[in-house]
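Numbering (my numbering), first residue to last: 158 to 290.
Here it is in structure tokens:
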């Protein structure tokens, strides 16, 4: 792995773990700061600006139940343009209800990141399996 690739992997891992920490706190304001200028795609909603991101994350995290995300299998590769990196990672979402954590969602994150400022241009969230579906 090149020095640039190692730096990209480090920076993108940091971005991804920052995002899941925001998600675990259900911190809509922090999500808007991080992803308000990004194209964000969930299975049931999309945002492309700060207003859309605020609406998306407010709706997504409206449940009073706590949750936690665990991330694994991060891969990072050069992106389609100079200074861009593509990444993907698996995630496992736990619901924290009734004193017993329950696996609720298995999914995948796909990101396109600019290396100039290490900002997320695109975040796509896929759900491979959801409990009860």
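Using N, Cα and C, we set each Cβ at its ideal position, and we do this for glycine too.
Quantities reported herein were computed from a predicted structural model and do not represent experimental measurements.
Which same chain residues, not among the five before or five after residue 204, have their C-beta less than 6 Å away from its C-beta? The sequence position of residue 204 within the chain shown is 47, counting from 1. Result list for residue 204: 197, 210, 213, in chain order.
Exposure of residue 261, with buried meaning 16 or more beta-carbon neighbours within 10 Å: Here the question's residue 261 lines up with position 104 in the chain shown. Buried, since its Cβ has 16 or more Cβ neighbours within 10 Å.
When DSSP labels each residue in this structure, what does residue 227 get in the three-state scheme? Your numbering for residue 227 matches position 70 in the chain shown. Of the three classes helix, strand and coil, the one that applies to residue 227 here is strand, per DSSP.
What ranges does the beta strand (DSSP E) occupy inside the stretch 253-288, keeping only unbroken runs of at least 3 residues that lie completely in it? List check, beta strand (DSSP E) in window: 257-271, 276-287.
Excluding the five sequence neighbours on either side, which residues of its own chain have a C-beta within less than 6 Å of the C-beta of residue 285, listed in chain order? Here residue 285 refers to the residue found at position 128 of the chain shown. If we look at residue 285 and ignore the five residues flanking it on each side, its Cβ neighbours are 263, 264.
Assign residue 167 to one of two classes, buried (16 or more other C-beta atoms within 10 Å of its C-beta) or exposed (fewer than that). The residue you call residue 167 lines up with position 10 of the chain shown. Label assigned to residue 167: exposed.
What is the DSSP secondary structure of residue 234, reduced to helix, strand or coil? Residue mapping note: residue 234 aligns to position 77 of the chain shown, counting from 1. Secondary structure at residue 234: strand, using DSSP grouped into helix, strand and coil.
From 247, 228, 172, 208, residue whose alpha carbon lies closest to that of residue 185: Taking the first residue of the chain shown as 1, we reach residue 185 at position 28. With distances taken between Cα atoms, residue 185 lies closest to 208.
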